[in-house]
Amino acid sequence: MLEINGIDCYYGKLHVLRNLSFKIGDEAVGLFGPNGAGKTTLINAIISLIKPAAGDIIFDGENITTSETHTIAKKGIALVPQERELFPEMTVYENLELGAAFIPHVKNRTAERLEFVYNFFPVLKEREKQHAGTMSGGQQRMLAIGRALMADPKLLILDEPSLGLQPSIVSELFEKLAEMKKHISVLVTEQNVRESLKSVDRGYVLENGEIALEDTAENLKSNPHVIKAYLGI
Amino acid sequence: MAERILKRPLYIIVGLLSAAVIVLLLFWKPTVVVYGVQRAGLYAGIALPMALILGIVHIVNLAHGEFMITAAYITYFLCNSFGMSPFAALVPVVIVMFLLGMLIFKFTIKHTLKAPELNQLILTFGLAMVLTQGLNLIATSQPRKISLDFVTSSATVGETTFGTYGFIYDLAAVLILAGLLFFLRKTKFGKAAVAVGQNPRGARIIGIDVNKIYILVFSLAIALTGIMGVLFLTSQSIFPLAGGSYTMKSFCLVAMAGMGSLPGIVFASIGLGIAESFIMSFQGYGGWSNIVFFALIIIVILIKSFKGKR
Chain Z
1 MLEINGIDCY YGKLHVLRNL SFKIGDEAVG LFGPNGAGKT TLINAIISLI
51 KPAAGDIIFD GENITTSETH TIAKKGIALV PQERELFPEM TVYENLELGA
101 AFIPHVKNRT AERLEFVYNF FPVLKEREKQ HAGTMSGGQQ RMLAIGRALM
151 ADPKLLILDE PSLGLQPSIV SELFEKLAEM KKHISVLVTE QNVRESLKSV
201 DRGYVLENGE IALEDTAENL KSNPHVIKAY LGI
Chain B
1 MAERILKRPL YIIVGLLSAA VIVLLLFWKP TVVVYGVQRA GLYAGIALPM
51 ALILGIVHIV NLAHGEFMIT AAYITYFLCN SFGMSPFAAL VPVVIVMFLL
101 GMLIFKFTIK HTLKAPELNQ LILTFGLAMV LTQGLNLIAT SQPRKISLDF
151 VTSSATVGET TFGTYGFIYD LAAVLILAGL LFFLRKTKFG KAAVAVGQNP
201 RGARIIGIDV NKIYILVFSL AIALTGIMGV LFLTSQSIFP LAGGSYTMKS
251 FCLVAMAGMG SLPGIVFASI GLGIAESFIM SFQGYGGWSN IVFFALIIIV
301 ILIKSFKGKR
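These protein sequence lines map, in sequence, to chains Z and B. In this text, residue positions in the first sequence follow the numbering used here: the first is 1, and each later residue adds one. In this text, residue positions in the second sequence follow the numbering used here: the first is 1, and each later residue adds one.
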């Protein structure tokens, strides 16, 4: 589904991603690594918010390396950014509505998508008329995920979904994530490796802009390096 | 909207007070109210497009009034060269202004969107000078006017006689307001514009072509100043520097109304229009009317900063 072949990314002279390649099929993939490893840069490169200096990004057989962000969104990649990037002065309903309005294959199915999202996050239905900017961090995160799901994407990318959330909500979130991957492909970056390993099929460990490890979730859980560096046992 | 206003006693008090003042004035100096409302229409008509680009998509345009005057000059030359009526010139002028807005956005403003806001200020300040001096070069600084006989039409109510043509500005302002509200609330393109204004990055990732929205909203605003330019020419004499004061007044009206509030522009304009025409009604003190504008600005900024502290 998504294939990244040897991309290099720079911020100015800083070499952030080094000849990085990986693949996502019909599965949920985790991307782990410490702060500054290049996780968010990689995501920004996928949706073309930054342009890689070298390498290709192929989505569904199509080269999207130089496509613009909005056309990539229309092709079926939805992003839940770390900073959520909601429309703070619009209501929950309006935020969700806009999530589907500009995506060709769902723009006439808003009602159906809305029902799906409300089923997933009932709290959003309760707060339908509330302004997004006035909700708590956890609710905003759910709204951001809801808005991304409105687009009925083929690939859902979540950038650090657990950041700033209380632990009970984090485990609820990853339960939802495990349910989501039945319908769509998921790429999730996380620092909370323990929780996210429960819901992904496969994982990559990113260190200093390079893939340090790649394995199934089961094997990663027992990998000595992962245990030492990320699970803290 | 209505509920929100009722919840704030300050708004009710200010509203009732202004209504009382207007009623008093109606008995004391009825022409002040009539001309004030006509003036308000002109101010609102010019400030509304600025509210659209400044309040909704956050582009600062210091050349706003200058665009309006440019449109007035284009109309003047169309009328003079082809013997067109200014109202017939409305269509070509609006189209030309839309295209001019697109060109200027593409070649200048687009490149400042990601830069600090100061760059936009300096750029559009420069644009204002280029437009003014360009007009000076082509049309000279001599004032121009076209004479139309229906402009002097008047009506008499009771014992007061007043010119009625100025109400065309009110009509234009109301139509522009209604059009913009419909555009922003009901059309998909308008909703996209609001989304881009609140969070351009968020808009991009849900599939909105942000650059297209910016250029179309900016050009739309410039086209609307075109409408006001045509109307401006019908009843006022124009000269290259005439636009500057409208830029300033539009800016202040947007600030008074509160960023992003389009109906607020109308109330702010009525306040400014009536206050100015009140001062002008005293023989020999007409020149003081500009003070009103500065006084209002200072008061509004003071009130807003006090509110911010709480």
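Here a beta-carbon is modelled for each residue, glycine too, at the ideal position from N, C-alpha and C.
If you ignore the 5 residues before and after Val32(B), its C-beta comes within less than 6 Å of the C-beta of Leu25, Ser277, Phe278 and Ser281, all in its own chain and listed in chain order.
Taking every protein chain shown into account, the CB of Val91(B) has fewer than 16 other CB atoms within 10 angstroms, so this residue is exposed.
When the beta-carbon positions are compared, Val186(Z) and Leu31(Z) stay at least 8 Å from each other.
Bounds of any beta strand (DSSP E) do not take in Asn119(Z); it lies within the alpha helix (DSSP H) bounded by Thr110 to Phe120. Non-local beta-carbon contacts of Asp201(Z) in its own chain, meaning distances under 8 Å to residues more than five positions away in sequence, involve Glu27, Ala28, Val29, Lys181, Thr216 and Ala217 in chain order. Setting aside the 5 residues that flank it on each side, Phe105(B) is surrounded in the same chain by Tyr214, Ile215, Phe218 and Ser219, each with a C-beta closer than 8 Å to its C-beta; the list follows chain order. Counting only the Cα atoms, Tyr43(B) lies some 14 Å from Asn290(B). Taking Ser250(B) as the centre and dropping the five residues before and after it, the same chain places the C-beta of Ile46, Ala47, Met50 and His64 closer than 6 Å to its C-beta, in chain order. Under the DSSP assignment, Glu94(Z) falls in the alpha helix (DSSP H) whose first and last residues are Val92 to Ala101. Arg147: these are the residues of the stretch 129-149 of chain Z whose beta carbon lies less than 7 Å from some beta carbon of chain B, given in chain order.
Boundaries cannot be given for Asp209(B), as no beta strand (DSSP E) includes it and DSSP labels it neither H nor E. Close to Ala193(B), with beta-carbon spacing below 7 Å, lies no residue of chain Z; the smallest spacing is near 11 Å. Following the DSSP letters along the chain, one finds Ser245(B) inside the alpha helix (DSSP H) bounded by residues Gly243 to Ala257.
Between His131(Z) and Glu97(Z), the C-beta spacing is not below 8 Å. In terms of CA proximity to Val94(B), Gly229(B) leads the group Gly55(B), Gly244(B), Ile122(B) and Gly229(B). Contact of Asn136(B) with chain Z is not assigned, every C-beta pair being separated by 8 Å or more. Of all residues in the stretch 197-208 of chain B, those with a C-beta nearer than 7 Å to a C-beta of chain Z are Gln198, Asn199, Arg201, Gly202, Arg204, Ile205, Ile206, Gly207 and Ile208, reading in chain order.
Listed along chain B, the residues sitting closer than 8 Å to Pro88(Z) by beta-carbon distance are Gln198 and Asn199. For Lys188(B), the chain Z residues whose Cβ falls inside 7 Å of its Cβ are Ala101, in order along the chain. By the beta-carbon neighbour count (other beta carbons within 10 angstroms, threshold 16), Ser48(Z) is buried.
A contact is defined here as three or more CB-CB pairs under 8 Å, and the stretch 202-214 of chain B fails this definition with respect to the stretch 251-258 of chain B. For Tyr165(B), the three-state secondary structure derived from DSSP is coil. Between Leu79(Z) and chain B, the shortest Cβ-Cβ separation is below 8 Å.
Check the Cα spacing between Gln139(Z) and each of Gly164(Z), Ser21(Z) and Pro52(Z): the tightest is with Gly164(Z).
Lys304(B) has its alpha-carbon roughly 36 Å from the corresponding atom of Leu233(B). Apart from the 5 residues on each side of it in sequence, Gly226(B) sits with its Cβ closer than 7 Å to the Cβ of Ala71, Val93, Val94 and Met97 in its chain, given in chain order.
Closest in C-alpha terms to Thr66(Z), from the list Ala45(Z), Gly137(Z) and Gly76(Z), comes Ala45(Z).
Taking 8 Å as the cut-off between beta carbons, the residues of the stretch 35-55 of chain Z near chain B are Ile47 and Leu49, in sequence order. Taken in chain order, the complete alpha helix (DSSP H) segments of 4 or more residues contained in the stretch 12-87 of chain B are 30-50 and 64-82.
Residue-level contact check: His105(Z) does not touch chain B, since none of the beta carbons of chain B fall below 8 Å from its beta carbon. With fewer than three CB-CB distances shorter than 8 Å, the stretch 182-196 of chain B does not count as touching the stretch 67-84 of chain Z.
By the criterion of at least three beta-carbon pairs nearer than 8 Å, the stretch 117-133 of chain Z is in contact with the stretch 142-159 of chain Z. When Leu14(Z), Phe174(Z) and Tyr93(Z) are compared, the shortest CA-CA separation from Val193(Z) is found for Phe174(Z). At a C-beta separation below 7 Å, Thr69(Z) has these neighbours in chain B: Arg204 and Ile205. Note on Arg201(B): under 16 other CB atoms within 10 angstroms of its CB, so exposed under the neighbour-count rule.
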